[in-house]
Amino acid sequence: MSVVLRGRPRAYVAAPVAPANGLFRAINWAFDQAEELTWGDLGILVADPVMVAQLSHLHRLRARGVRIGTAEQAARARSFHGVVIAYCPDRSMLTAAEALPGVRGLAAVALHNDQLADWVAACAPQHLGGDALPAGATAPARSAGPLQPSP
């Protein structure tokens, strides 16, 4: 069961699930949130709008009516009254998604789990697949240097 903050359910798919597969898990979760949800009620945030042309699954989703934009576009939006999926997010994308007024739910699909660690720790979203990240605790500090073998 997901923890709901400010009335918004949250969920995530972590690596090693392929991002395209994770995206469809997140979409299924989104449609489970409300029976009346339509393709036009889904928003996907991407790092670069060029991704839509490069990734056929994003192109097909846009053709179905899914809204696809960047974190910068989301930051300028007045509201969005659907479910937002942050696709391969970084911290700024998750911040923009959280700040969108009117969002009914938020899912994140990781390419790299370290991009989600702080968000999962703070929001305790529902785990939909991939590695389970620690929720509800402070994310572990990351070392600046490369990993060293154990003695």
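In my numbering, the protein residues as written are 24 to 174.
Beta carbons are placed, not taken as given, at the ideal position from N, Cα and C, and that holds for glycine.
To the nearest whole angstrom, what separates the beta carbons of residue i and residue j, a pair I think is in contact under 8 Å?
i, j, result
"residue 139", "residue 156", "6 Å"
"residue 94", "residue 68", "6 Å"
"residue 31", "residue 151", "Residue 31 to residue 151, Cβ: 16 Å. No contact."
Which residues bound the alpha helix (DSSP H) around residue i?
i, result
"residue 85", "79–87"
"residue 144", "140–146"
Closest by CA to residue i, which one among the options?
i, options, result
"residue 96", "151, 135, 71, 146", "71"
"residue 135", "40, 32, 47, 34", "40"
"residue 88", "75, 62, 116", "62"
"residue 65", "128, 149, 153, 116", "128"
"residue 105", "36, 46, 50", "50"
Would you identify the three-state DSSP class for residue i, choosing helix, strand or coil?
i, result
"residue 153", "coil"
"residue 159", "coil"
"residue 49", "helix"
Got a sec, what are the start and stop residues for the beta strand (DSSP E) residue i sits in?
i, result
"residue 130", "128–132"
Just list the alpha helix (DSSP H) runs in the segment 51–125, keeping only unbroken ones of 4 residues or longer that don't cross its boundaries, in chain order. 73–77, 79–87, 94–99, 114–122
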